[in-house]
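Undergrad: Dropping a structure here in structure tokens format, bear with me for questions.
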Amino acid sequence: MGKIKKRWLIASAAAAAGAVVIAAVVGSPFSSGGKKDGGAENDKEKISIVISSLGLSFPPGINENDNAYLSYIENNTNLDINVFLPPSQSYEEKLNIIMTSGNLPDMLHIASKVWLANYVKQGKLEPLDDLIDKYGPALKSKIPKEAWAQVTFDGHIYAIPSLTEVKGVELMYVRKDWLDRLGLKPPRTLDEYYEVIHAFGTQDPDGNGRNDTFGLLLTENMGRTAPLLGAFGTQLNQWHERDGKLVYSNTLPGMKEALVFFHKLYEEKLIDPEFPLNRSKNLEEKIASGQAGLFSATWYDTRGPIELNRQRDPKAEWIPLEYPTGSRGEKGVYASQLIRGYNVIPAGTAQAANVVRMLDFIAGKGHNDLKLGFQNEIWRWENGKMVTNFAEHDKHLYRGIYSALVDVVEPDTDKQRLDSLGEHFHLYDNQKRIENNLIPNRFTGLPTPSMGKYMSKLNTSMLETFTKMVVGVTPVDEFEKYVERWKQEGLQDITREVNAWYAETAK
């Protein structure tokens with residue numbers, strides 16, 4: 010077994026062991042909610058909230074409980090808000106620990122619909138209908154009925170959703186200067202993509218005389234594969250319609266075909282061999298340092314690693330590509346879920362009304378300042394255009410921790426906001442290119458009972474198995490055997506429940 014394969018397997022085992030340690034040593038941080046002493050703060054009602062850092066960090070001298078944007082929310086709601094940010098890598102587990110403690114916060118933010126459904130079923134969350142009617146006018150007007158339907162259980166709303174602002178995420182980008190140097194055209198078909206990947210991995214596309222470039226970059230858990238999976242008519246962790254029934258994408262024949270394709274690339278040393286260990290930061294650094302010229306980019310990577318690469322290498326010229334088309338004419342990329350996160354209130358919390366008031370302000374009157382940053386500090390109007398101060402914008406990205414609690418879609422300002430970050434980054438154009446190539450997830454209902462029991466473990470098993478198949482630890486020929494095992498481990502029950510929902514919605 011190769012070193013990379015061993016390192017990946019050891020890392021997987023270490024992650025599982027680390028979860029046990031976290032559960033054993035982490036306690037609840039909550040008291041009655043206060044965090045500040047003296048002055049006017051004593052006149053404010055105190056609430057405590059548990060939210061995600063989203064991987065964002067704070068500039069020196071400030072933190073999640075002491076910054077201008079939190080003060081902005083507090084001053085406009087007359088609240089004293091105690092913020093707790095659990096570690097990102099154990100976030101959901103930390104929330105589980107908190108929910109079993111005897112000292113609960115007033116609000117928690119979670120990204121998992123299955124987590125939400127589990128705690129609704131246990132009766133541990135507060136129904137919010139009356140509170141939203143009374144304290145949430147902006148929430149009611151800005152969040153569409155389809156989103157409310159996804160947080161309604163047995164006729165009652167149990168979460169305030171945060172919407173996904175973009176409809177899709179990934180598209181292919183390539184270094185045109187490398188294509189030109191090797192006499193290649195921008196690829197369109199999967200075969201043409203293979204030709205470019207092979208050339209970039211073997212023909213010294215940067216012309217430095219060294220074998221130091223990869224044909225394709227991926228990340229852990231089969232990340233950054235979506236456009237290539239689309240050429241096989243599938244995506245990860247989605248429900249697709251086949252012959253009038255919903256089937257799980259990870260079990261389709263197209264997924265096996267895709268794994269065969271990726272395994273071939275890996276065996277030919279065209280994929281970065283460290284991909285099972287690559288996190289987003291690893292990929293970004295490899296792009297920025299010129300080790301790859303083709304990858305599935307997020308729509309905002311043109312302002313990130315692609316721009317860093319341009320700064321380091323002025324000859325670098327990056328262009329977006331058509332999505333690869335497979336042998337059956339299939340192409341596309343996954344569509345984002347309508348909801349990106351859920352704000353829930355533990356049952357019996359005395360401060361539920363104040364939590365809803367806070368979220369209503371974030372979605373309503375405070376939305377623009379929290380989303381865009383403060384006018385004339387982060388951005389300004391100039392000749393009818395929004396102009397961004399990049400240094401201040403980047404310095405205050407942490408405001409997204411708060412605005413993302415209740416993201417709402419504002420189409421009228423979307424293009425202006427994105428163009429203000431630099432029209433040459435093509436952020437708006439990237440979003441539109443993605444929107445024209447979406448493969449929707451056909452299941453949009455509430456998590457079924459079997460999903461709560463089995464889905465998280467199944468998805469973990471599937472992604473680990475797929476990675477092993479790509480690197481050759483597990484033969485791809487065993488794909489059908491694993492599919493049968495997953496069916497017996499709960500997928501068969503989930504599929505039956507999903508199709509019962511699908512039949513009901515079709516009436």
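Whatever position you read off the sequence shown (first residue = 1), add 9 for this note's numbering.
Cβ coordinates follow ideal geometry from the N, Cα and C atoms, glycine included.
1) For a minimum of 4 consecutive residues, which ranges assigned as the alpha helix (DSSP H) are wholly contained in the region 68–153?
2) Which residue spans inside the region 406–488 form an unbroken alpha helix (DSSP H) run of at least 4?
3) So for Thr358, helix, strand or coil by DSSP?
4) Can you tell me the Cβ-Cβ gap for Gly382 and Trp390, rounded? I've got them flagged as a contact below 8 Å.
5) Alpha carbon to alpha carbon, what distance is there between Thr243 and Leu261?
6) Where in the region 282–317 do unbroken runs of the alpha helix (DSSP H), each at least 4 residues long, occur, reported from the N-terminal end onward?
7) In the DSSP assignment, what residue or residues form a beta bridge with Met395?
8) Measure how close the beta-carbons of Leu134 and Val353 come, nearest whole angstrom, since I'm counting them as under 8 Å.
9) Skipping 5 residues on each side, what residues in its chain have a beta carbon closer than 6 Å to that of Leu94?
10) According to DSSP, simplified to helix, strand and coil, what is Val364?
11) Name the two residues that bound the continuous beta strand (DSSP E) containing Pro1.
12) With the cut-off set at 8 Å, would you say Asp221 and Gln98 are in Cβ contact?
13) Let me know if Glu179 comes out buried or exposed under the rule of 16 or more other beta-carbons within 10 Å of its beta-carbon.
14) Report the CB separation of Gly224 from Phe241 in whole angstroms; it is logged as a contact under 8 Å.
15) Have a look at Asn230 and Lys53 and give me their C-alpha separation to the nearest angstrom.
16) Taking Lys55 as the reference, give the member of Asn85, Ala120, Leu65 and Ile90 with the closest Cα.
17) Take Ser121 and list the residues in its own chain whose beta-carbon comes closer than 7 Å to its own, dropping the five residues that flank it on each side.
18) Please classify Ile328 as buried or exposed, where buried requires at least 16 other C-beta atoms within 10 Å of its C-beta.
19) Tell me the start and end of each unbroken beta strand (DSSP E) in the region 165–247 that is at least 3 residues and wholly inside, in chain order.
20) Using DSSP with H/G/I as helix, E/B as strand and the rest coil, what is Glu250?
21) Which word fits Glu293, buried or exposed, when buried means at least 16 other C-beta atoms lie within 10 angstroms of its C-beta?
22) Pull up the DSSP beta-bridge partners for Pro329, would you.
TA: The answer reads as follows:
1) 77–86, 100–108, 122–130, 138–144 and 146–151
2) 409–412, 420–429, 436–444 and 458–480
3) The residue given as residue 358 occupies position 349 in the sequence shown. It is coil, neither helix nor strand.
4) For this step, residue 382 is matched to residue 373 along the sequence shown. For this step, residue 390 is matched to residue 381 along the sequence shown. At roughly 14 Å, the Cβ-Cβ gap does not stay under 8 Å, so Gly382 and Trp390 are not in contact.
5) Position 252 of the sequence shown, counting from 1, holds the residue named residue 261. Position 234 of the sequence shown, counting from 1, holds the residue named residue 243. Roughly 8 Å between the two C-alpha positions.
6) 289–297
7) The count along the sequence shown starts at 1 and reaches residue 395 at position 386. Bridge partners of Met395: Trp390.
8) By one-based count along the sequence shown, residue 134 stands at place 125. By one-based count along the sequence shown, residue 353 stands at place 344. Leu134 to Val353, Cβ: 5 Å. Contact.
9) Here residue 94 refers to the residue found at position 85 of the sequence shown. Ser62 and Glu73, listed in sequence order.
10) By one-based count along the sequence shown, residue 364 stands at place 355. Correct three-state label for Val364: helix.
11) Because the chain in this structure spans residues 10 to 516, residue 1 falls outside the shown range and cannot be described.
12) Residue mapping note: residue 221 aligns to position 212 of the sequence shown, counting from 1. Residue mapping note: residue 98 aligns to position 89 of the sequence shown, counting from 1. Contact flag unset, no.
13) Here residue 179 refers to the residue found at position 170 of the sequence shown. When all chains shown are included, Glu179 counts as buried.
14) Taking the first residue of the sequence shown as 1, we reach residue 224 at position 215. Taking the first residue of the sequence shown as 1, we reach residue 241 at position 232. About 18 Å separates the two Cβ atoms, so there is no contact after all.
15) One-based indexing of the sequence shown puts residue 230 at position 221. One-based indexing of the sequence shown puts residue 53 at position 44. Going by the C-alpha atoms only, they are around 45 Å apart.
16) Position 46 of the sequence shown holds residue 55. If we check each option's Cα against that of Lys55, Ile90 comes out closest.
17) Your numbering for residue 121 matches position 112 in the sequence shown. So the list reads Glu101, once near-sequence residues are dropped.
18) Along the sequence shown, one-based indexing puts residue 328 at 319. With fewer than 16 Cβ atoms within 10 Å of its Cβ, Ile328 is classed as exposed.
19) 169–172 and 179–184
20) In the sequence shown, the residue the question calls residue 250 occupies position 241. Residue state, collapsed to three classes: strand.
21) As a position in the sequence shown, residue 293 is number 284, starting the count at 1. That one is buried.
22) One-based indexing of the sequence shown puts residue 329 at position 320. Per DSSP, Tyr182.
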